[in-house]
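Worksheet: the structure to be examined is printed underneath.
Protein chains in written order, with the working numbering: chain A, 3 to 286; chain B, 721 to 961.
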């Protein structure tokens with residue numbers, strides 16, 4: 003078990019998401035940057051379904067009540083065990099009563115902590131991913147105690163490590179497919195969308211990232227239709243958002259583009275004010 | 721009805737689209753194809769999301785989008801004409817008491833009606849559940865009387881309580897969980913519309929019909945107690961065609 007001493011800014015448990023309930027209006031959820039979350043699990047030889055802890059901007063602090071192994075991946079956070087700095091992107095052994103502190107990141111938004119065997123919080127509708135009104139909590143709080151598997155017999159390759167993939171964090175290209183309403187936009191608008199350097203707006207969250215720079219163009223509302231994480235919506239007033247993991251399942255704005263899975267992960271790590279541009283890839 | 725078009729929707733999903741429209745015939749076609757896809761392609765399909773006149777099909781990893789689109793196109797050419805089905809009409813109790821109906825007077829004033837006329841016009845139709853979205857279990861309903869259409873509030877409320885029955889533009893619905901919202905609240909329903917303990921978790925499903933039944937504040941409390949104790953039985957009738 004591990005006890006939360008300080009929850010950090012917004013820390014939650016996430017796995018690959020809650021599939022099968024979107025037709026009921028339940029968001030998919032899951033790790034914002036699935037690439038980094040998968041990397042943390044891989045370092046511990048966990049199943050790809052194992053639940054990890056996701057934190058952002060100000061990391062959490064915990065005390066472990068049992069020995070285990072951990073791995074931290076994702077944004078450039080700093081972490082210490084009992085005030086001794088540890089290396090990220092590497093399996094690290096934890097002893098009983100160790101205190102893990104995760105600080106601010108130098109770059110990126112989201113960090114992931116995997117624990118051997120995964121966090122064993124409750125499974126609701128097939129997933130451990132936190133979501134308001136579906137799981138009991140939407141974020142971790144001080145005093146929360148989380149269970150994890152206590153088998154430490156598994157062989158951990160201690161020398162295995164992943165260095166931070168600079169491209170994943172620094173590349174400004176966000177790869178997109180044309181969205182369902184892309185062809186309905188005037189050619190001139192299509193060009194503007196692809197040629198404009200865009201900025202990540204404040205008010206970006208697990209539900210959607212606000213994209214600034216397309217205020218001069220707009221698109222009609224549509225009859226409410228399915229959307230998914232990575233759908234880029236443009237409103238009649240020229241507001242542009244990219245739906246992220248906690249997005250609703252349907253929406254009434256023009257779906258101009260659709261991000262690749264990789265691009266969603268890259269975008270998730272872009273901070274407010276960072277610049278990006280859309281790079282169109284055609285369906286084969 | 722014209723054949724729907726099928727196109728990719730990102731890397732691992734496809735979108736089946738009919739002519740954009742809010743009507744029963746289109747919805748019947750959407751739900752028929754949804755059923756067919758779920759029954760025929762269990763190995764390929766992760767889940768589906770229906771809406772008014774389109775259906776998203778999310779594919780499992782490794783399924784080739786274009787192969788799937790080709791297979792499905794052939795299959796859809798041979799789809800039998802939709803049979804008229806028997807649907808259920810659920811009776812949804814609503815207390816229109818001003819205590820809950822925070823905006824019923826505004827709705828009445830906007831439309832030059834009395835509050836009793838608002839209640840009468842709101843409880844008269846049988847509404848169709850087109851699909852669920854926005855909030856877990858939230859029904860997109862068709863059938864609101866034109867005389868009740870009221871623009872959304874200029875400043876949305878930070879919290880609209882679960883069970884609130886409201887009107888937003890041309891639509892009416894029930895907030896199935898507490899949420900920020902800009903619709904005009906005209907009543908409150910004591911039912912539980914989404915529960916992770918239940919299977920299925922949502923009370924309503926696409927294709928259902930509902931009727932709003934006016935109740936007093938006393939009845940509201942009584943039903944609420946029964947709902948919380950899980951002993952309330954929802955009134956139901958069958959509807960043909």
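Glycine included, each C-beta is placed from N, C-alpha and C at the ideal position.
For residue 51 (chain A), no chain B residue has a C-beta closer than 8 Å to its own C-beta; the minimum C-beta separation is roughly 13 Å.
Collapsing the DSSP output to three states places residue 12 (chain A) in coil.
In this structure residue 931 (chain B) touches residue 809 (chain B) by the C-beta definition: roughly 6 Å separates them, less than 8 Å. Of the candidates A:203, A:188, A:91, A:283, A:203 places its Cα closest to the Cα of residue 277 (chain A). Neighbours of residue 279 (chain A) in chain B, taken as residues whose beta carbon is under 8 Å from its own, are absent, since the nearest beta carbon is some 19 Å off. Those residues of the stretch 22 to 34 of chain A placed with their C-beta closer than 8 Å to a C-beta in chain B are 22, 23, 24, 25, 26, 27, 28, ordered along the chain. Cβ atoms of residue 886 (chain B) and residue 897 (chain B) stay farther apart than 8 Å, at about 13 Å. Residues of the stretch 846 to 878 of chain B with a C-beta atom less than 8 Å from some C-beta of chain A are 851, 852, 853, 854, 855, 856, 857, 858, 860, listed in chain order. Contact between residue 182 (chain A) and residue 735 (chain B) holds: CB atoms are separated by about 6 Å, below the 8 Å threshold. Taking each of B:846, B:729, B:859, B:911 in turn and checking the Cα distance to residue 778 (chain B), the smallest one comes out for B:729.
With its beta carbon at least 7 Å from every one in chain B, residue 172 (chain A) lies outside the interface. Using a Cβ-Cβ cut-off of 7 Å, residue 836 (chain B) does not count as an interface residue toward chain A, since no Cβ of chain A sits closer than that to its own. Distances from the alpha-carbon of residue 733 (chain B) to those of A:281, A:120, A:255, A:233 put A:233 closest. For residue 80 (chain A), the three-state secondary structure derived from DSSP is strand.
The closest CA to that of residue 30 (chain A), considering only A:197, A:77, A:228, is found on A:228. Apart from the 5 residues on each side of it in sequence, residue 902 (chain B) sits with its Cβ closer than 6 Å to the Cβ of 872, 873, 876 in its chain, given in chain order.
Contact residues of the stretch 191 to 219 of chain A toward chain B are absent (C-beta to C-beta distance below 8 Å).
Residue burial is scored here from C-beta neighbours: residue 11 (chain A) has fewer than 16 other C-beta atoms within 10 angstroms and is therefore classed as exposed. Collapsing the DSSP output to three states places residue 842 (chain B) in a helix.
Residue 110 (chain A) has its alpha-carbon roughly 6 Å from the corresponding atom of residue 273 (chain A). Taking the C-beta atoms as reference points, residue 97 (chain A) is found nearer than 7 Å to residue 69 (chain A). Residue 765 (chain B) is classed as buried because its beta carbon has at least 16 other beta carbons within 10 Å across all chains shown.
A residue is called buried when at least 16 other Cβ atoms come within 10 angstroms of its Cβ; residue 884 (chain B) meets this threshold and is buried. Annotation: residue 863 (chain B) to residue 48 (chain A) spans about 51 Å, alpha carbon to alpha carbon. Counting only runs of at least 3 residues, the stretch 816 to 876 of chain B fully encloses the following beta strand (DSSP E) elements, listed from N- to C-terminal order: 847 to 852, 859 to 862. Residue contact with chain A for residue 916 (chain B): present (Cβ-Cβ distance below 7 Å to some residue of chain A). Within chain B, no C-beta atom comes less than 9 Å from the C-beta of residue 176 (chain A); the nearest is roughly 13 Å away. Residue 786 (chain B) counts as exposed, since fewer than 16 other C-beta atoms from the protein chains shown sit within 10 angstroms of its C-beta.
In terms of beta-carbon proximity, residue 793 (chain B) stays away from the interface with chain A, with every pair separated by 7 Å or more.
The three-state secondary structure of residue 892 (chain B), taken from DSSP, is strand. At a cut-off of 7 Å between beta carbons, residue 182 (chain A) contacts chain B. Residue contact check for residue 766 (chain B) against chain A: a CB pair falls below 7 Å.
Shown in chain order are the members of the stretch 728 to 742 of chain B whose Cβ falls below 9 Å from a Cβ of chain A: 728, 729, 730, 731, 732, 733, 735, 737, 740, 741, 742. Contact note: residue 770 (chain B) reaches chain A through 25, using a C-beta cutoff of 7 Å and chain order. Under the 10 Å beta carbon count, residue 56 (chain A) is surrounded by 16 or more other beta carbons and is classified as buried. Neighbours of residue 800 (chain B) across chain A, judged by C-beta separation under 9 Å, do not exist; the nearest C-beta is about 23 Å away.
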